[in-house]
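In the UniProt record's numbering, the protein residues as written are 1 to 498.
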């Protein structure tokens, strides 16, 4: 069966016994009304800009797509679940809540109010507390064994956490050093728990990437002024390449690991650097690998990091959770602070797909099977990007596997890297064993990715239209976006599908 997502027939007869006004019961629970309104705008594929109000019909279409693509809290039972009236009701209530207006003030067939998009700075006492917390967090990480180092490059000064003994020589160890890159809108300190585990096995380097205003690095802008700025994707790649040349002169090899946007940068760097420079590549829910052709990347990247509760609910012991909260303090911004990736990169990552060519470096990819921020495609699609690789799904893992599944990552990464080492593996030191004991609750079950994968449904997505082809009666799941041909995998939808 094949149907368009833009035709009137896409709406069903209605989901029984539900009150569509209670959008909180059906949409993503971690998102605020403002964040969800922005998601709905992106899903509506409306040509209007951010300052133009959506019509009720456009918002209802966006609501339907959000629900039917499995982003809601209720599992998809049928593509005909939601009626037009239910989607209109949910859209009106959501946009009124997002704009703090009453439904009575909105015309039944008129445009919906624009959601409040406030980026309010925190009160001064809280800002001071965050600054002190960042300093204390860095000192705690330094005390635990990841020291700080500043490296000057043409694009600015990088702050780097590392476990390399003085004097600086990351290659003096019998084990190849590993460079760990963080993702978007987070500092390098969010990777330090993984780094503290890995440092018992090999030298670890974790930079604060330039930009974002989240870490301790300072970028040099085009005017030569040292400060914060919003880098382009290519600037990210080139700035990290310059850092790696400064850290590892003479073409010394290293292992490269990246999470989310850091995974995108790691993948592209592996493609660009001379063969053999990157010995092993580790991708943790990498960005750009599996984007499904949207003109904008629609997921709100701050949503899972809005409060320390995210850490406290992850199963971490309370002291470890609090340290994680302090060291990643800049994740915790006001819920009103909306930061869509589509705002940062209007073309979306779809125009920067990693799959311009597969990497033939030995690779490992790890992905949470419940990751709705960075959805994955099929096993086969992922494994085709890394012909010399292996992949694993973390069962129940979200995009925050670097925190909630950190022992799982350690258990997968350590033997993978050790297989390329000339020296035999040694038992983990006492510090690593103690940390593994404290973090035992983050050891999650995994499922190995298969290639080729069993048949799954096929999704065609473009800014012009959604088209869904169902196979075998299966329904859309977060990990089942499956490309059809090379063009679609590049994020380019053939004209015949528009």
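Glycine residues also receive a C-beta, built at the ideal position from the N, C-alpha and C atoms.
Span separating the alpha-carbon of residue i from that of residue j
{"i": "residue 429", "j": "residue 266", "result": "28 Å"}
{"i": "residue 177", "j": "residue 286", "result": "21 Å"}
{"i": "residue 111", "j": "residue 103", "result": "12 Å"}
{"i": "residue 13", "j": "residue 87", "result": "11 Å"}
{"i": "residue 47", "j": "residue 15", "result": "29 Å"}
{"i": "residue 183", "j": "residue 259", "result": "5 Å"}
{"i": "residue 503", "j": "residue 135", "result": "Residue numbering for the chain in the displayed model covers 1 to 498; residue 503 lies beyond these limits and cannot be assessed."}
{"i": "residue 93", "j": "residue 81", "result": "19 Å"}
{"i": "residue 191", "j": "residue 19", "result": "42 Å"}
{"i": "residue 276", "j": "residue 270", "result": "9 Å"}
{"i": "residue 328", "j": "residue 137", "result": "Because the pLDDT at residue 328 is just 46, under 50, the model does not fix this residue reliably, and the value given afterwards should be weighed accordingly. Residue 328 and residue 137: Cα-Cα distance of roughly 8 Å."}
{"i": "residue 237", "j": "residue 358", "result": "17 Å"}
{"i": "residue 85", "j": "residue 370", "result": "30 Å"}
{"i": "residue 394", "j": "residue 446", "result": "5 Å"}
{"i": "residue 206", "j": "residue 40", "result": "36 Å"}
{"i": "residue 514", "j": "residue 261", "result": "Here the chain has residues from 1 to 498 only, and residue 514 is not among them."}
{"i": "residue 233", "j": "residue 218", "result": "17 Å"}
{"i": "residue 366", "j": "residue 412", "result": "9 Å"}
{"i": "residue 95", "j": "residue 185", "result": "26 Å"}
{"i": "residue 425", "j": "residue 155", "result": "38 Å"}
{"i": "residue 44", "j": "residue 443", "result": "39 Å"}
{"i": "residue 97", "j": "residue 62", "result": "16 Å"}
{"i": "residue 139", "j": "residue 56", "result": "52 Å"}
{"i": "residue 36", "j": "residue 282", "result": "32 Å"}
{"i": "residue 22", "j": "residue 67", "result": "14 Å"}
{"i": "residue 415", "j": "residue 210", "result": "31 Å"}
{"i": "residue 166", "j": "residue 384", "result": "41 Å"}
{"i": "residue 263", "j": "residue 248", "result": "20 Å"}
{"i": "residue 246", "j": "residue 172", "result": "16 Å"}
{"i": "residue 289", "j": "residue 169", "result": "33 Å"}
{"i": "residue 148", "j": "residue 241", "result": "20 Å"}
{"i": "residue 24", "j": "residue 99", "result": "16 Å"}
Bridge-paired residues (DSSP) for residue i
{"i": "residue 255", "result": "178"}
{"i": "residue 389", "result": "363"}
{"i": "residue 206", "result": "161"}
{"i": "residue 281", "result": "256 and 363"}
{"i": "residue 147", "result": "162"}
{"i": "residue 368", "result": "394"}
{"i": "residue 447", "result": "393"}
{"i": "residue 55", "result": "111"}
Beta-carbon spacing of residue i, residue j below 8 Å
{"i": "residue 145", "j": "residue 101", "result": "no"}
{"i": "residue 158", "j": "residue 256", "result": "no"}
{"i": "residue 373", "j": "residue 399", "result": "yes"}
{"i": "residue 401", "j": "residue 284", "result": "yes"}
{"i": "residue 280", "j": "residue 408", "result": "no"}
{"i": "residue 34", "j": "residue 115", "result": "yes"}
{"i": "residue 499", "j": "residue 180", "result": "The chain is shown only over 1 to 498; residue 499 falls outside these bounds and no answer can be derived."}
{"i": "residue 253", "j": "residue 215", "result": "no"}
{"i": "residue 152", "j": "residue 239", "result": "no"}
{"i": "residue 390", "j": "residue 417", "result": "no"}
{"i": "residue 203", "j": "residue 160", "result": "no"}
{"i": "residue 141", "j": "residue 189", "result": "yes"}
{"i": "residue 406", "j": "residue 439", "result": "yes"}
{"i": "residue 175", "j": "residue 201", "result": "yes"}
{"i": "residue 410", "j": "residue 449", "result": "no"}
{"i": "residue 274", "j": "residue 250", "result": "no"}
Classification of residue i by the beta-carbon crowding that lies within 10 angstroms, buried from 16 upward
{"i": "residue 58", "result": "buried"}
{"i": "residue 143", "result": "exposed"}
{"i": "residue 423", "result": "exposed"}
{"i": "residue 11", "result": "buried"}
{"i": "residue 26", "result": "buried"}
{"i": "residue 91", "result": "buried"}
{"i": "residue 355", "result": "Confidence in residue 355 is poor, its pLDDT being 46 and thus under 50, which makes the residue's placement unreliable; the coordinate value appears in the next sentence. That one is buried."}
{"i": "residue 119", "result": "With a pLDDT of only 47 at residue 119, under 50, the local geometry of the prediction cannot be trusted, and the value read off the model is given with reservation. Looking at its Cβ environment, which holds fewer than 16 other Cβ atoms inside 10 Å, residue 119 is exposed."}
{"i": "residue 17", "result": "exposed"}
{"i": "residue 420", "result": "exposed"}
{"i": "residue 441", "result": "exposed"}
{"i": "residue 105", "result": "exposed"}
{"i": "residue 396", "result": "exposed"}
{"i": "residue 501", "result": "Here the chain has residues from 1 to 498 only, and residue 501 is not among them."}
{"i": "residue 388", "result": "exposed"}
{"i": "residue 268", "result": "buried"}
{"i": "residue 51", "result": "exposed"}
{"i": "residue 376", "result": "buried"}
{"i": "residue 64", "result": "buried"}
{"i": "residue 434", "result": "exposed"}
Proximity test, residue i beta-carbon vs the ligand PLP heavy atom, cut-off 7 Å
{"i": "residue 199", "result": "With respect to the ligand PLP, the structure offers nothing, as it holds no ligand at all."}
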